[in-house]
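Asker: Would you mind keeping the following structure in view while I ask a few things?
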């Protein structure tokens, strides 16, 4: 009896002891694996929740009120929106925003495609230098760009009017009319963003397999044909991305017209270049007692961006196949 | 076949001519800015305008410094503080969250990542008016808190770091660190952060430039008593609109730091932008 027991294999004591010892830290490790990811992503969600999401939702809530930033808030349902639809300054701002957007974006995208295509040539020398030079306008602040271009487009001593006078065109009072102010503002926007868009499109072009071009060349397709038949169709996803980005940015235009108009939130004496973002600022921040109305403008701007982005998406998808 | 493809890819002189025209158009406004910044007022208000730099930069910049409407030095100091704090924070929170999204498993991961991508699509102007009210309520109006704290983390930063971490960091590396008994934070600090350094540097550069150039929100939340550089420039240009030599001296000084950053790190910045475009 007593002899039988030692014959049984002893329980693996040495193995058990360490397992027992690490139990605490294993628990900690499991806890660490399970919960610490939330800690790591928390800063973004806290910052975004408090300063991004909450203000956006509050904009919606405010837009349903007659909201005075320092006084009363009265619930009025959709009255702000109804008033908005009858507000000629609102429609004026919509027309200006869309007008400047079109005048600026169409040449910008064509130019960006053009330069991207040039930068995509295989044996191009100094490619890095060209890329940097074409991108450099984008690193400047909008404020600086607007200040420089405001002077270039000045009526009496501006460089542009002087150049025009060389070819016999009378000086243009750039900020006094719609078409001229839109043109000047479009110049600022295009100068700053064409190179950026060209780089994005170039990145998309470089992802297109080279042998497609080689095959097309063997079939006798020239560069122009290759561009239409290979580059553009293969570029559609990147092009959509660029178009959506330009839509979001272009419709929020604020700084260029503001500085161009010498800090006047009405955008020229006749509001000839007041954008929606400026009108929102005028109603929501410059005059505190119409904050609710300003909030309604903010949502209208958001809706407009959505509509235009959707139209653009459909157009790009349809035309480039 | 070799001949055909050689002919095909040959870069014609016209390509270079077109590119050089594009480059000149890109660079001329900078050059123009420095020309006007170094010229006296009576010269710039002449026809034709000057085309070469002069020697009046010192006078022009002195007028900027003496100008109470601009508060220019304070604007520079504020811009340096705000841009630095925001950059450090965006890189830290971006790499931390990017690491979690790329390499850690947790419930709701995909949904939360999708939420971050969606927030990148929503225009910030939508929240401008209530945000302005919040700053009043918090007592942050016209303080640097207003232009710093809402930007301490960015969706773009998280997303970019997540994309990079997914491909740049092998699971074996993290596994090995774990076997050695590292906590997830130790893994982040000792393994992930060093591996993310190239992408984090690009994120830092982009964030710094972006913060330095911010206009709309600082313009709403600050006055010229306590401006950032861009706000100061705006007030300078409104108040002394005809004194372009002064305004341009200030604009040039505000642009030089970014130009230097770009000259030294342009290659990385452009690489980062093009890479980001392809991945998204």
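Protein chains in written order, with full-length UniProt numbering: chain A, 1 to 321; chain B, 1 to 280. The C-beta atom is built at its ideal place from N, Cα and C for all residues, glycine as well.
1) Residue 21 of chain A to residue 105 of chain B, Cα distance in whole Å?
2) Would you say residue 167 of chain B lies against chain A (beta-carbon separation less than 8 Å)?
3) Taking the continuous beta strand (DSSP E) assigned at residue 66 of chain A, which residues delimit it?
4) Check whether the Cβ of residue 156 of chain B lies closer than 8 Å to any Cβ atom in chain A.
5) Examine the Cβ distances between the region 190-197 of chain A and the region 132-144 of chain A and report whether three or more of them are shorter than 8 Å.
6) Using the beta-carbon of each residue, which ones in chain B are nearer than 7 Å to residue 38 of chain A?
7) Below 8 Å between beta carbons is the criterion; list the residues of the region 30-59 of chain B that meet it against any residue of chain A, in chain order.
8) With the cut-off set at 8 Å, would you say residue 205 of chain B and residue 268 of chain B are in Cβ contact?
9) Determine the DSSP secondary structure at residue 75 of chain A, reduced to helix, strand or coil.
10) Using a Cβ-Cβ cut-off of 6 Å (strictly less than) and excluding sequence neighbours within five positions of residue 202 of chain B, which residues of its own chain qualify?
11) Taking the beta carbon of residue 245 of chain B as the centre, do at least 16 other beta carbons fall within 10 Å, making it buried, or is it exposed?
12) Short check: CB of residue 68 of chain A to CB of residue 288 of chain A, under 8 Å?
13) Find the residues of chain B that neighbour residue 295 of chain A, judging by a C-beta separation of less than 8 Å, and give them in chain order.
14) So, do the region 153-160 of chain B and the region 115-126 of chain B have three or more beta carbon pairs nearer to each other than 8 Å?
15) For residue 280 of chain A and residue 265 of chain A, what's the separation of their Cα atoms in angstroms?
16) Within 10 angstroms of its Cβ, does residue 270 of chain A collect 16 or more other Cβ (buried), or is it exposed?
17) Note down the Cα distance separating residue 104 of chain A from residue 179 of chain A, rounded to an integer number of angstroms.
18) Buried or exposed: which applies to residue 296 of chain A, given that a residue is buried once 16 or more other Cβ atoms fall within 10 Å of its Cβ?
19) Please report the straight-line C-alpha distance between residue 87 of chain A and residue 253 of chain A, rounded to a whole angstrom.
20) Report the CB separation of residue 298 of chain A from residue 59 of chain A in whole angstroms; it is logged as a contact under 8 Å.
21) Please confirm whether residue 234 of chain A and residue 129 of chain B have their CB atoms less than 8 Å apart.
22) Excluding the 5 residues flanking residue 243 of chain A on each side, which residues of the same chain have their C-beta closer than 6 Å to its C-beta?
23) Run through DSSP, which three-state label would residue 21 of chain A get?
24) Which residues in chain A have a C-beta closer than 7 Å to the C-beta of residue 247 of chain B? List them in chain order.
25) Mind pulling the chain A residues with CB within less than 7 Å of residue 83 of chain B?
26) Over what stretch of residues does the alpha helix (DSSP H) that includes residue 74 of chain B continue unbroken?
27) Would you mind giving the Cβ-Cβ distance between residue 101 of chain B and residue 46 of chain A, rounded to the nearest angstrom? I have them listed as a contact below 8 Å.
28) Between the region 166-186 of chain B and the region 252-264 of chain B, do three or more beta carbon pairs fall short of 8 Å?
29) Report the neighbours of residue 97 of chain A on chain B: residues whose CB is nearer than 8 Å to its CB, in chain order.
30) Do residue 22 of chain B and residue 38 of chain B have their beta-carbon atoms positioned less than 8 Å apart in this structure?
31) Exposed or buried, which one is residue 158 of chain A when buried takes at least 16 other CB atoms within 10 Å?
32) Would you call the region 242-256 of chain B and the region 32-46 of chain B in contact, with 3 or more CB pairs under 8 Å?
33) For the region 204-215 of chain B, which residues have a CB atom closer than 9 Å to at least one CB atom of chain A, in sequence order?
34) Whole angstroms are fine: how far does the CA of residue 71 of chain B sit from the CA of residue 86 of chain B?
35) What residues from chain B crowd round residue 227 of chain A, counting only those whose CB sits closer than 8 Å?
Answerer: This is what the structure gives:
1) Confidence at residue 21 of chain A is low in this model, with a pLDDT of 48, below 50, so the placement of that residue should be treated as unreliable; the coordinate-derived value is given next. Answer to the nearest angstrom: the Cα atoms are 27 Å apart.
2) So no, residue 167 of chain B is outside the interface.
3) 65-67
4) Taking 8 Å as the threshold, the shortest C-beta distance from residue 156 of chain B to chain A does not fall below it.
5) yes
6) 106
7) The residues in question are 30, 32, 33, 36, 44, 45, 46, 47, 48 and 49.
8) yes
9) strand
10) 268 and 272
11) buried
12) In contact: residue 68 of chain A and residue 288 of chain A (Cβ atoms closer than 8 Å).
13) 129 and 130
14) yes
15) 10 Å
16) exposed
17) 12 Å
18) buried
19) 20 Å
20) 5 Å
21) no
22) 312 and 316
23) Because the pLDDT of residue 21 of chain A is 48, which lies under 50, any placement of that residue in the model is unreliable, and the question is left without a value.
24) Per Cβ cutoff of 7 Å: 147.
25) Here the premise fails: no neighbours, minimum Cβ distance about 12 Å.
26) Unbroken alpha helix (DSSP H) run through residue 74 of chain B: 72-103.
27) Contact flag wrong, Cβ pair sits at about 16 Å.
28) no
29) In chain order: nothing, as chain B lies at least about 12 Å away.
30) no
31) Here residue 158 of chain A is buried: its Cβ has 16 or more other Cβ atoms, across all protein chains shown, within 10 Å.
32) yes
33) 209, 212, 213, 214 and 215
34) 22 Å
35) Neighbourhood of residue 227 of chain A in chain B, by CB distance below 8 Å: empty, with the nearest CB roughly 12 Å away.
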